[in-house]
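Colleague:
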Amino acid sequence: MENLFSIGELSKYQHISKQTLIFYDKIGLFRPAYVDPHNGYRYYSANQIDFLDTILIMKKIGFSLAEIREHMQHYDTESSLTLLKRQLTAIETQIRELGLIRSRLAHRCAQIEQAGAHRQQDGGVTVETAPPQAILFHEVAAPYRLQEISIATKQCFAQGFEKELPIFFQCGVVVPLSRIRAGRFTEASLAFVPIEATDRAQNIRRLPAGTCVTACHLGDYLSIGRTYKKILRFCREEGWEIVSDSYEFCINDYITTHDEREYITKILFYVQRREAENVPVPEK
């Protein structure tokens, strides 16, 4: 029809599908100027092209279709400026959040890439100086089985996501030394996720820098006792006194593999020479 564009023509000019234009019509966002009563074909005027451009630009900026429809019912320069400034603030917030997520993903990728070296250290005990770090923790309920550990871990992640805390995409557990000495190697008292130091939560434990014995356990979690036995034997033979509970950091776990044979758990104890004193240890 003269001075009107068919839905196919408008779809071609704007690089938008006919189905999208039909949907916009149905929700009252962008209706054709004329609908042929005989065949139902939709036709659009030249003036409507600018209107459609505005819709597509607002959608690209990040507005929902409902927001666009409401705004374009009665809009002017002042209302547009208010809306755009509000969206600018939302985008800046998203950028900060994405920056945090990006750093966490980079950290997780680095861990996975280093997994090969950890596999070669399976069960090997080393002494190292651990840097200060912080963990967000939740208590594991009795009887301290894997099910209760999983629930406590999910509480950590849920709190971190809900409160937008600077957590890392990693998890771990604390196993009391007394339980380890009793052979109850998987009965954790706390589940945790590493976190940047912050005062936005009360359930944060700050681990000091200090001398630690560490070992990487390769394989399913229920077999972790064999690595604990190596650590205890190493400390006895090398003159190290364990002065903390065990901190287990999952290097490779259910987040990155379904094959438990690929699991890697780094075990860490703070230690001191048997004659040493005043060695910093994590708070209880």
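In my numbering, the protein residues as written are 4 to 287.
Backbone N, C-alpha and C define an ideal beta-carbon position, used for all residues, glycine too.
Small disclaimer: the values here were computed from a predicted structure and weren't measured.
1) Using the beta-carbon count (16 or more within 10 Å), is Ile258 buried or exposed?
2) Span of the beta strand (DSSP E) holding His220?
3) Compute the distance between the beta-carbons of Ile10 and Leu24, then report whether it is under 8 Å.
4) List the DSSP bridge partners of Leu180.
5) Along the chain, where does the alpha helix (DSSP H) that runs through Gln17 open and close?
6) What residues match up with Gln136 in a beta bridge as DSSP calls it?
7) Check Ile254 in the structure and name its three-state DSSP category.
8) Please determine, among Leu7, Cys253, Tyr16, the residue with the shortest C-alpha to C-alpha distance to Tyr37.
9) From Gly127 to Pro197, what does the alpha carbon distance come to, in whole angstroms?
10) Considering only the beta carbon of each residue, do Val143 and Ser249 sit closer than 8 Å?
11) If you follow the beta strand (DSSP E) that Thr268 is part of, which residue opens it and which one closes it?
12) Going by beta carbon distance, what residues of the same chain come within less than 6 Å of Arg1, once the five residues before and after it are set aside?
13) Between which two residues does the beta strand (DSSP E) carrying Ile198 extend?
14) Against chain B, with Cβ distances strictly below 8 Å, would His220 count as a contact?
15) Whole angstroms is fine: what's the gap from Pro40's alpha carbon to Ala49's?
16) How is the alpha helix (DSSP H) around Ser153 delimited, first residue to last?
17) Determine the direct distance from the alpha carbon of Tyr78 to that of Ile52, and round the result to whole angstroms.
18) So what does Glu73 bridge to, in DSSP terms?
19) I think Tyr267 touches Glu251, with their Cβ atoms under 8 Å apart; what is that distance to the nearest whole Å?
20) In angstroms, rounded to a whole number, what distance separates the CA positions of His261 and Asp223?
21) Name the two residues that bound the continuous beta strand (DSSP E) containing Ser48.
22) Please determine if the region 187-205 and the region 147-156 are in contact, where contact requires at least 3 C-beta pairs separated by less than 8 Å.
23) Helix, strand or coil for Gly175? Go by DSSP, reduced to three states.
24) Could you give the residue range of the alpha helix (DSSP H) that holds Ile94?
25) Specify the secondary structure class of Ser226 as computed by DSSP and reduced to three states.
Modeller: Let me lay it out:
1) exposed
2) 213-221
3) yes
4) Its beta-bridge partners do not exist; DSSP assigns none.
5) 10-17
6) Leu210
7) strand
8) Leu7
9) 24 Å
10) no
11) 267-276
12) For the chain, the structure presents residues 4 to 287; residue 1 sits outside this window and is missing.
13) 193-198
14) The chain inventory of the structure shown lacks chain B, comprising one protein chain alone.
15) 21 Å
16) 149-165
17) 17 Å
18) The partner list for Glu73 (beta bridge, DSSP) is empty, contrary to what the question assumes.
19) Note that residue 267 is Ile in the sequence shown here, rather than Tyr. At roughly 11 Å, the Cβ-Cβ gap does not stay under 8 Å, so Ile267 and Glu251 are not in contact.
20) 11 Å
21) 45-48
22) yes
23) strand
24) 80-116
25) helix
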